[in-house]
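Below you'll find the structure, written out as C-alpha cells, and then a few comments.
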Amino acid sequence: MRLTVIGGGFMGEAIVDQAITRGIAQPDEVHVCEIHAARREYLASRYKVTASDGYHPVHERVDALVLAVKPQDFPAVAARLRHHIAPEQLIVSIMAGVRMQHIGDALLRHHVVRVMPNLAAVVGEAFSIWTATEEVTDEQRETVRRLLQTWGREMYTTDEKLLDIATAVSGSGPGYVMLLLEALIDGAVHIGLRRDVATDMVVQTVLGATRWVQATGRHPAELRGQVASAGGTTVEGLLALERRAVRAAIIEAVIAGYEKSRALGG
Ligand SMILES: NC(=O)c1ccc[n+]([C@@H]2O[C@H](COP(=O)([O-])OP(=O)(O)OC[C@H]3O[C@@H](n4cnc5c(N)ncnc54)[C@H](OP(=O)(O)O)[C@@H]3O)[C@@H](O)[C@H]2O)c1
Numbered sequence: 000m001r002l003t004v005i006g007g008g009f010m011g012e013a014i015v016d017q018a019i020t021r022g023i024a025q026p027d028e029v030h031v032c033e034i035h036a037a038r039r040e041y042l043a044s045r046y047k048v049t050a051s052d053g054y055h056p057v058h059e060r061v062d063a064l065v066l067a068v069k070p071q072d073f074p075a076v077a078a079r080l081r082h083h084i085a086p087e088q089l090i091v092s093i094m095a096g097v098r099m100q101h102i103g104d105a106l107l108r109h110h111v112v113r114v115m116p117n118l119a120a121v122v123g124e125a126f127s128i129w130t131a132t133e134e135v136t137d138e139q140r141e142t143v144r145r146l147l148q149t150w151g152r153e154m155y156t157t158d159e160k161l162l163d164i165a166t167a168v169s170g171s172g173p174g175y176v177m178l179l180l181e182a183l184i185d186g187a188v189h190i191g192l193r194r195d196v197a198t199d200m201v202v203q204t205v206l207g208a209t210r211w212v213q214a215t216g217r218h219p220a221e222l223r224g225q226v227a228s229a230g231g232t233t234v235e236g237l238l239a240l241e242r243r244a245v246r247a248a249i250i251e252a253v254i255a256g257y258e259k260s261r262a263l264g265g
C-alpha cells in the first residue's frame with residue numbers, strides 16, 4: 000500500500016510503524032511530510048521511509064493520503080496542498096473535529112474519509128470509528144479498513160456526529176485512563192509500595208478489570224458490586240471516591256472534550 004502521511008508526530012509515527020510492522024506497506028512505499036527536520040531524520044532512519052518538508056509527492060496518486068496534523072495546522076496545510084493533490088486521491092483525516100465537507104472544500108478533492116482513532120494505535124489496540132463521503136469508492140473503503148485494522152479495531156458509521164462524540168470518549172480516553180493509572184500508582188507508593196511494583200500491580204489490575212467486562216459483557220456496576228464485599232475495604236475506597244464526586248468529574252471531562260471537538264469543527 001502506498002501511503003503518504005502529512006504530520007509525523009505521535010499519531011503519524013504510529014500509523015507508519017503499524018503499516019510497516021504489520022506488512023501492509025513496504026518502507027519504500029511510505030512517505031512522511033513533516034515540518035521538523037529532527038523528526039524527519041528520526042522517522043527516515045528508524046522506519047527507512049522517505050520524509051520531506053515539501054509536499055511534492057502528493058502530485059502522484061497514492062493509496063491513502065493521511066492528514067495527521069493538528070486541526071489548528073490544517074488551514075496552513077490546505078493552503079500548501081490545494082491544487083496539488085492528484086484527482087480522486089483518497090484522503091484520510093484523523094484530525095479531531097474537522098468535518099469532511101470542510102476538508103473536501105479546502106483541498107478541492109472529495110474522496111474524503113474521516114477517522115477518530117486513538118493513540119493505542121502504537122500497540123495495535125486502537126478503537127477507530129470512521130465515515131466517508133459518497134465519492135469514496137468500494138475499493139478505497141477496503142483500503143481504509145486494511146489501514147485501520149493495523150491500528151486496532153475499526154467501526155464504520157454513516158453518522159459523522161458520532162466522530163465528535165468518539166473524539167471525547169475513545170480519542171481522549173487513553174489520556175483519562177493514564178491519569179487514573181498515575182493516581183492509583185501514586186496511592187500505592189504512598190502506602191508503601193515500591194514504584195516499579197506499584198506500576199506492575201496497577202497496570203495488570205486495570206487490564207484485568209477491563210478484560211473482565213469485555214469477557215462477560217456485564218455492566219461494570221454489577222461487577223463492581225462483586226468486588227465490594229459488605230463492610231470491606233473496597234466500599235470504603237468507593238465512598239471516598241463518591242465524596243469527591245469522581246464519577247461526575249469524569250462525566251464532565253467527556254462533555255468538555257465533546258464541546259471542544261465541536262468547537263474545533265467550527
Ligand atoms: N494524540 C492523540 O491521542 C490523537 C488521537 C486521535 C486523533 N488525533 C489527531 O491526530 C492529529 C495528530 O495528533 P498528534 O498527537 O500526532 O499531533 P503531533 O504530535 O503534534 O503531530 C503533528 C505533527 O505535524 C507537524 N506539523 C505541523 N504543521 C505541519 C505542516 N504544515 N506540515 C507537516 N507537518 C506539520 C507538527 O509539528 P509542530 O509540533 O511544530 O506543530 C507535528 O510534528 C491531530 O489532528 C489530532 O486531533 C490525535
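Quick note: the sequence shown uses numbering that gives the first Met the number 0, first residue 0, plus one each step.
Ideal Cβ placement from N, Cα and C applies to all residues, glycine included.
DSSP places Y155 inside the beta strand (DSSP E), whose first and last residues are 151-155. Bounds of the beta strand (DSSP E) holding V65 are 63-66. If you draw a straight line from the Cα of L240 to the Cα of V226, it is about 15 Å long. A distance criterion of 7 Å places the beta-carbon of K69 in contact range of ligand 1, judged by its closest non-hydrogen atom. In the assembly as shown, H110 is a buried residue. Its beta-carbon has 16 or more other beta-carbons within 10 Å. Not one heavy atom of ligand 1 is found less than 7 Å from the C-beta of L161. Under the three-state reduction of DSSP output, T132 falls in the coil class, being neither helix nor strand. Under the 10 Å beta carbon count, S44 is surrounded by fewer than 16 other beta carbons and is classified as exposed. Residue pairing of V114 in beta bridges, as defined by DSSP: W129.
Nearest to G170 by alpha-carbon distance, out of W129, A220, T204, is W129.
In this structure, the C-beta of M10 approaches ligand 1 to less than 7 Å from one of its heavy atoms. By a beta-carbon distance limit of 8 Å, M94 does not contact E159. Their separation comes to about 13 Å. With a threshold of 7 Å, the Cβ atom of V15 does not count as near ligand 1, since no heavy atom of the ligand is closer than that.
By the Cβ neighbour-count rule, F126 is buried, with 16 or more other Cβ atoms within 10 Å of its own. Look at A50 here: in three-state DSSP terms it is strand. Contact between the region 166-181 and the region 140-153 is absent: fewer than 3 CB-CB pairs across the two stretches fall below 8 Å. Q71 counts as exposed, since fewer than 16 other C-beta atoms from the protein chains shown sit within 10 angstroms of its C-beta. The alpha helix (DSSP H) runs lying completely inside the region 176-237 and spanning 4 residues or more are 194-215, 219-226, given in chain order.
For H35, the three-state secondary structure derived from DSSP is coil. Relative to the Cα of L80, the nearest Cα in the group D52, D62, T20, G96 belongs to D52. The C-beta separation of A50 from V31 comes to about 4 Å, placing the pair in contact by the 8 Å criterion. Per DSSP, L2 is one residue of the beta strand (DSSP E) stretching across 2-5.
L89 counts as buried, since at least 16 other C-beta atoms from the protein chains shown sit within 10 angstroms of its C-beta. Under the DSSP assignment, V76 falls in the alpha helix (DSSP H) whose first and last residues are 73-80. H58 sits in a helix when the DSSP states are folded into three classes.
In the displayed model, S171 falls within coil according to three-state DSSP, outside both helix and strand.
Residue side-chain check: R38 places its Cβ nearer than 7 Å to a non-hydrogen atom of ligand 1. The three-state secondary structure of H30, taken from DSSP, is strand.
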